[in-house]
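Heads up: the sequence lines are chains A and B, in that order. For what it's worth, the working numbering labels the leading residue of the first sequence as 5, then goes sequentially. For what it's worth, the working numbering labels the leading residue of the second sequence as 5, then goes sequentially. A short worksheet on the structure shown next.
2 protein chains.
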Amino acid sequence: MASAKISSDTGTLGKAISVLDVIASAPEPLRFRDLANQIDQPRGTLHRQISNLIEEGLLQVNPDQSYSLGLRLLKFAAQSWSQNGLREIAEPHLRALHELTGETVHLGVLQGTEVIYLDKVESRQAVRMHSQVGNSSPCYCTGVGKAGLSVLPRDEAEARIAQINFHKFTETTLPNAKALLRELDEINRTGNAYDREEHEPGIHCVAAPVFTADRSITGGLSVTAPCYRISQRQLESWADDVRATAQAIIADLPVKMGPRA
Amino acid sequence: MASAKISSDTGTLGKAISVLDVIASAPEPLRFRDLANQIDQPRGTLHRQISNLIEEGLLQVNPDQSYSLGLRLLKFAAQSWSQNGLREIAEPHLRALHELTGETVHLGVLQGTEVIYLDKVESRQAVRMHSQVGNSSPCYCTGVGKAGLSVLPRDEAEARIAQINFHKFTETTLPNAKALLRELDEINRTGNAYDREEHEPGIHCVAAPVFTADRSITGGLSVTAPCYRISQRQLESWADDVRATAQAIIADLPVKMGPRA
DNA sequence: AATCAGGTTCCATTATGTGGAACAAGATGG
DNA sequence: CCATCTTGTTCCACATAATGGAACCTGATT
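This is the structure:
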């Protein structure tokens, strides 16, 4: 992965954001030099971009001259989250589903080819809840992702799938567009999507699509569990409940659904 | 509040972000027209800025043509949060302080003239934890804010205070820079900051500063409680514990502290 | 002391964003 | 039912703002 894709037609803004993106996806703090390597821009230019981002509070310099995302992003995100109507409406339903199954329940939406998790309900209080909210995963190897894809118009789904770079996380990860499309058909028939250890070994889930009437928001919810505790059969037994919960959420959405309630 | 302050010297980026800011701080969804009113820009220009923001996933259009913050911000924020070293280091200490007092414990840092909350530990599990993280409050009427200000170099503190627009939230809200500076002196002497119902009636707190050696990060932690349950005297009895916790966190910070551990 | 890599500043050039005006599409109302 | 207003979108000549090369710091390293 040499250099970050620079969104071609959003000009200056796109370049700035792609700097953020590089920093966000780096596993460890990046210094100026590291950035310069990953982003194909002259040193001077990059330096100014960074300065601007810092001035705006979107980026922070650490004493050791490495960079991290700025706290202003946290502030924005808190607002984005609390204003999100889907999350708000879904919450009681997620709780109910968790009560029923005793396993972790996720709510996520498609953003391009990624799933972004909006909420999570799990038993073990020890695990910090917010740790997961806002995280993202590829759409082709998660239940929520495949559920979200399945309710897109076929051409839209294909367009997105064309952008996917299929990485084989596990033995069972779907290897290509063809396999994925086949599964989307299956999901459309049954109304349920499964992740059979396709993203992480030992973890599987059953999901169902959640979407607005106009498909401007598509995603899904899932019940996730470790294989050692919950069998495939047991998982399948929740399929109807998951679907019912998804339907209940959809029914609660205002006709003209917006991210704010 | 007619129009949003546009950061003058970050050019295009600044303008784009100020659009986000307007949307973020609006209590209800804004339509194109509302934005055009609040942002002093020609319609055409604004329209393109919005389009770019949408394309970058920083903004979303709702079916009813109102706008909300995009989910990509959530993703960025999740990373920003999980990479934040201060939060990570502070967490066990916050828990311990919560165990001791039984009341809500906050950790926040100064960002300009605002406090941004990084973490929160509270008893009532019913309240969603992440609801508060990332929220912000003015620095002049919160314990954490005043604590953070108190450890800034005097001239820096004064510079920031000069930017404050003192709004009288309650009877006891500090009315002006002079009063605030006087209190900062007091905090420097005692090592503890108080919010005596200065932000919300019926809520008070005791706080202590947390900061890096070079003061590049300053903030504080606080124990917050409703007045009806916890007396001023009781609050004061925790002052030493709060200070000790703050010291413990500072001691745990790497010498070259960066937001990442 | 000399060299080098990392980081920052400057400024002429040019690409990019700007904003006025024209256009489209609903509302409103006379 | 047509006229008019209000809201939202597109276009393009122009000016501003981003660009990137080069010069310049600074502190390691030899």
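Built from N, CA and C at the ideal position, the CB exists for glycine as well. Note that the structure is predicted; figures quoted are calculated from it, not measured.
Residues bridged to residue i [DSSP beta-bridge criterion]
| i | result |
| --- | --- |
| B/Lys124 | B/His110 |
| A/Arg186 | In DSSP, A/Arg186 forms no bridge with anything. |
| A/Ala40 | In DSSP, A/Ala40 forms no bridge with anything. |
| A/Arg76 | According to DSSP, A/Arg76 bridges with nothing at all. |
| B/Val246 | Bridge partners of B/Val246: none, in fact. |
| B/Leu225 | B/Leu111 and B/Ala212 |
| A/Val119 | A/Leu114 and A/Ser141 |
| A/Pro230 | A/Ile207 |
For residue i, three-class secondary structure by DSSP
| i | result |
| --- | --- |
| B/Ser140 | strand |
| A/Ala159 | Before going further, note that residue 159 of chain A is Asp rather than Ala in the sequence given. Of the three classes helix, strand and coil, the one that applies to A/Asp159 here is helix, per DSSP. |
| A/Ser220 | coil |
| B/Phe215 | strand |
| A/Asp256 | helix |
| A/Ser301 | The structure shown does not extend to residue 301 of chain A, since chain A is modelled only from 5 through 265, so no value can be given for it. |
| A/Thr194 | helix |
| B/Glu240 | helix |
| B/Gln251 | helix |
| B/Gln87 | coil |
| A/Thr176 | coil |
| B/His208 | strand |
| A/Thr105 | helix |
| A/Glu201 | coil |
| A/His134 | Unreliable positioning characterises A/His134 in this predicted model, as indicated by a pLDDT of 48, which lies under 50. The coordinate reading is nonetheless provided below. In this structure, A/His134 counts as helix in the three-state DSSP scheme. |
Residues of its chain near residue i, where Cβ-Cβ distance is below 7 Å and the 5 sequence neighbours each way are ignored
| i | result |
| --- | --- |
| B/Gly15 | none |
| A/Trp242 | Thr105, Val210 and Val227 |
| A/Val65 | Ile58 and Tyr71 |
| B/Leu98 | Val109, Leu111, Asp123, Val125 and Leu225 |
| A/Met133 | Low per-residue confidence applies at A/Met133: pLDDT is 43, beneath 50, and the placement is therefore not dependable enough to give any value. |
| B/Asp78 | Contrary to the premise, residue 78 of chain B reads as Leu rather than Asp in this sequence. Counting only Cβ-Cβ distances below 7 Å, and skipping sequence neighbours, we find nothing. |
| B/Gln136 | Tyr121 and Lys124 |
| A/Ala28 | Leu73 |
| B/Ile253 | Ile93, Ala94, His97 and Val214 |
Own chain residues within Cβ distance below 8 Å of residue i, not counting five before or after
| i | result |
| --- | --- |
| A/Arg247 | Gly195, Asn196 and Ala212 |
| A/Ile234 | Glu107 and His208 |
| B/Arg37 | none |
| B/Val26 | Ala8, Leu34, Leu39, Gln42 and Ile43 |
| A/Asn139 | Ile120 and Tyr121 |
| A/Leu178 | Tyr144, Cys145, Phe170, Leu184, Glu187 and Glu202 |
| A/Pro157 | Arg219 |
| B/Ala81 | Gly138 |
Contacting residues, own chain, Cβ-Cβ under 6 Å from residue i (five flanking each side not counted)
| i | result |
| --- | --- |
| B/Ser226 | His110, Gly147, Val148, Cys209 and Ala211 |
| B/Gly90 | Residue identity differs from the one stated: residue 90 of chain B is Leu in this sequence, not Gly. Excluding residues within five positions, none has a Cβ falling inside 6 Å. |
| B/Leu168 | The sequence shown places Ile at residue 168 of chain B, rather than the Leu named in the question. Contacts found: Thr117 and Tyr144. |
| B/Arg237 | none |
| B/Arg69 | For the record, residue 69 of chain B in the displayed sequence is Gln; it is not Arg. The answer, listed in chain order, is Arg35. |
| B/Ala229 | Glu107 |
| A/Arg164 | Thr117 |
| B/Ala161 | Leu153 |
| B/Val23 | Gln53 |
Are the stretch 187 to 204 of chain A and the stretch 168 to 177 of chain A touching by the rule of at least three beta carbon pairs closer than 8 Å? yes
Contained alpha helix (DSSP H) runs [length at least 4] in the stretch 20 to 69 of chain B, N- to C-terminal order: 36 to 42 and 47 to 59
Give a yes or no on contact between the stretch 36 to 56 of chain A and the stretch 45 to 58 of chain B, applying the rule of three or more CB pairs nearer than 8 Å. no
Taking one C-beta from the stretch 113 to 127 of chain B and one from the stretch 180 to 194 of chain B each time, how about it: are there three or more such pairs within less than 8 Å? no
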